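The next block holds one structure in the form of structure tokens; read it before the comments.
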Amino acid sequence: MKQSRFYILFFFVVCIGLFCSCLSNDDDAQWSKFNGVYVTVGGDNIRGYKLYTDFGAILVPTEESLNRIPWLKEVQRAIVSFNLLDENENTTQLEDGKTYDVILNSTNGMNQQIPTFTVHVDTLSEEYQIFGQDSIQLKNKSIYSLDKTAGAFYIKNGYMNIVPTFEYDLYKPVFFLLYYDGEKDIDTSNNKLNLNLYFNNSIQSSNNSISSFISLEMPGEIYYKFQDKGMNDDDLIDVYLNSETVSGQEQIHCKMALKDFMLP
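Here it is in structure tokens:
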């Protein structure tokens, strides 16, 4: 694959600062009823925007409150805080599949961009075979570890979500991507999927390390391969993610519905 595409990068250096910042402690900060909600951003200025939560509810922000957070229109994943409009103001628990009109809280520190990576590579693809020059094998580095606690690894709204711990330099870019063998890693007969994590922090060594929640876009072709074998959206798939760590190869597992692989 062409190197320029292979290293498509979410500006992770900026995101580290955003993601690790503490919520505002100002006495005047207006706290919301719903805080720290993880969402996938969908839509545009013509159709309007919707925020798809990781637990299934759909949020429709008012135009006024969305315009106060202009960067939210430019990202794929974010953490937001909000209040419901008057007709739902007594609601304390949002329901899966239900849509809510919301007012986003634009107070500094109440909303954050999630580091998101959109590159995925089928190592059997013609593009990678011609242009990749085995760059994954040659340049892949080890992270410290992956968070294995329950709920730390999951897929929702077309994004895989993990919490790796890794070294970084604030002034150097960090790369993550998913790669896989398009034949042996997609086991449609046994409803299994095997993916691998690529990491490169653009440095030789560092005294800085961080544990960060990140999102990686799922390859669209995987959904269609399972669907072509007769699977329904609600059918479950065993998903395994392999990564190179300082203590050797680690694998984490989750079981997700096929529909979770697709973007909204």
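Residue numbers (my numbering): -6 to 257. Cβ atoms here follow ideal geometry from the backbone N, Cα and C, with glycine treated the same way. Because the structure is a prediction, the values reported are computed rather than measured.
Open item on the list: Three or more C-beta pairs under 8 Å: does that hold for the region 95 to 111 against the region 127 to 144?
Closed with: By the criterion of at least three beta-carbon pairs nearer than 8 Å, the region 95 to 111 is not in contact with the region 127 to 144.
TODO: Using 10 angstroms around the beta-carbon of N189, count the other beta-carbons present and answer buried if the total reaches 16, otherwise exposed.
DONE: Here residue 189 refers to the residue found at position 196 when the sequence shown is read from its first residue. When all chains shown are included, N189 counts as buried.
Task: Option in L59, N38, F27, T84 with minimal Cα separation from T46 - done: Working through the sequence shown from its first residue, we reach residue 46 at position 53. Nearest option by C-alpha distance: F27.
Open item on the list: Here's a check: name, in chain order, each residue in its chain whose Cβ is nearer than 6 Å to the Cβ of L16, leaving out the five neighbours to either side.
Closed with: Locating residue 16 in the sequence shown gives position 23, counting from the first residue. Reliability fails at L16, whose pLDDT of 38 lies under 50, so the model's placement of it is uncertain and the value that follows must be treated cautiously. So the list reads G102, once near-sequence residues are dropped.
TODO: Could you tell me whether the region 49 to 59 touches the region 164 to 182, using the rule of 3 or more Cβ pairs below 8 Å?
DONE: no
Open item on the list: Distance check for P157 and T238, CA to CA, integer angstroms please.
Closed with: Counting from one through the sequence shown, the residue named residue 238 turns up at place 245. Counting from one through the sequence shown, the residue named residue 157 turns up at place 164. Straight-line Cα distance between these residues: approximately 10 Å.
- [ ] Give the single residue among S58, G125, L59, D162 whose Cα lies nearest to the Cα of S199.
- [x] Within the sequence shown, numbered from 1, the residue matching residue 199 stands at position 206. S199 has its Cα closest to that of D162, out of S58, G125, L59, D162.
TODO: Under 8 Å by Cβ, that's how I've got E210 and F110 pegged, so tell me the actual separation to the nearest angstrom.
DONE: Taking the sequence shown and counting its residues from 1, one reaches residue 210 at position 217. Taking the sequence shown and counting its residues from 1, one reaches residue 110 at position 117. Contact holds; Cβ gap of about 7 Å.
Open item on the list: Tell me which residues share the same chain as N225 and place their Cβ nearer than 8 Å to its Cβ, disregarding the 5 neighbours each side in the sequence.
Closed with: Taking the first residue of the sequence shown as position 1, residue 225 is located at position 232. Counting only Cβ-Cβ distances below 8 Å, and skipping sequence neighbours, we find L251.
- [ ] Tell me whether Q69 sits in a helix, a strand or coil according to DSSP, three-state version.
- [x] Your numbering for residue 69 matches position 76 in the sequence shown. When DSSP states are grouped into helix, strand and coil, Q69 belongs to the coil group.
Task: Distance between beta carbons of G151 and F254, contact taken as under 8 Å - done: Position 261 of the sequence shown holds residue 254. Position 158 of the sequence shown holds residue 151. So it is a contact: roughly 6 Å between Cβ atoms.
- [ ] Express the C-alpha separation of T55 and F146 in angstroms, rounding to a whole number.
- [x] Mapped onto the sequence shown, residue 146 falls at position 153. Mapped onto the sequence shown, residue 55 falls at position 62. When the Cα atoms are used, F146 and T55 turn out to be separated by approximately 31 Å.
- [ ] Check the C-beta distance from N187 over to Y233 and give it rounded, since I have them as a contact under 8 Å.
- [x] Mapped onto the sequence shown, residue 187 falls at position 194. Mapped onto the sequence shown, residue 233 falls at position 240. N187 to Y233, Cβ: 5 Å. Contact.
Open item on the list: Using a Cβ distance threshold of 8 Å, determine whether the region 65 to 73 contacts the region 29 to 46, with at least three qualifying pairs required.
Closed with: yes
Task: C-alpha gap between N98 and I148, whole angstroms - done: One-based indexing of the sequence shown puts residue 98 at position 105. One-based indexing of the sequence shown puts residue 148 at position 155. C-alpha separation (whole angstroms): 26 Å.
- [ ] With DSSP as the reference, please indicate the residues paired to Q242 in a beta bridge.
- [x] Locating residue 242 in the sequence shown gives position 249, where the first residue counts as 1. According to DSSP, Q242 bridges with E237.
Task: For F192, the first and last residue of its enclosing alpha helix (DSSP H) - done: Taking the first residue of the sequence shown as position 1, residue 192 is located at position 199. F192 -> not in any alpha helix (DSSP H); beta strand (DSSP E) instead, spanning 185 to 193.
Open item on the list: Under 8 Å, Cβ to Cβ, is there at least one residue of chain C near D89?
Closed with: The question asks about chain C, but that chain is absent: this structure has only one protein chain.
TODO: Using 10 angstroms around the beta-carbon of L139, count the other beta-carbons present and answer buried if the total reaches 16, otherwise exposed.
DONE: Taking the first residue of the sequence shown as 1, we reach residue 139 at position 146. Classification for L139: buried.
Open item on the list: What residue range does the alpha helix (DSSP H) around F124 cover?
Closed with: The sequence position of residue 124 within the sequence shown is 131, counting from 1. Here the alpha helix (DSSP H) through F124 covers 119 to 124.
TODO: Could you check the C-alpha separation between E193 and I136 for me, to the nearest Å?
DONE: The residue given as residue 193 occupies position 200 in the sequence shown. The residue given as residue 136 occupies position 143 in the sequence shown. According to the sequence shown, residue 193 is Asn rather than Glu. Straight-line Cα distance between these residues: approximately 9 Å.
Task: Sequence-distant residues of its chain with Cβ nearer than 7 Å to K218 (five each side left out) - done: In the sequence shown, the residue the question calls residue 218 occupies position 225. Closer than 7 Å at Cβ, skipping near neighbours: I179, T181.
Task: Range of the contiguous beta strand (DSSP E) that encloses K218 - done: One-based indexing of the sequence shown puts residue 218 at position 225. No beta strand (DSSP E) holds K218; the alpha helix (DSSP H) holding it covers 213 to 221.
- [ ] Would you decide whether D19 is buried or exposed? Buried here means 16 or more other CB atoms lie within 10 Å of its CB.
- [x] Within the sequence shown, residue 19 is the residue found at index 26, counting from 1. Legend: pLDDT at D19 = 40, less than 50; position of this residue unreliable, no value from coordinates given.
TODO: Using three-state DSSP, classify E57 as helix, strand or coil.
DONE: Locating residue 57 in the sequence shown gives position 64, where the first residue counts as 1. Three-state DSSP puts E57 in a helix.
- [ ] Could you tell me which residues DSSP puts in a beta bridge with T92?
- [x] As a first step, residue 92 must be located in the sequence shown, where it is residue number 99. DSSP lists I51 as partners of T92.
Task: Own chain partners of L87 with C-beta closer than 8 Å, once the 5 adjacent residues on each side are dropped - done: Within the sequence shown, the letter at position 94 stands for residue 87. Excluding sequence positions up to five before and after L87, its CB lies within less than 8 Å of the CB of F27, T46, F48, A50, Y93, all in the same chain and listed in chain order.
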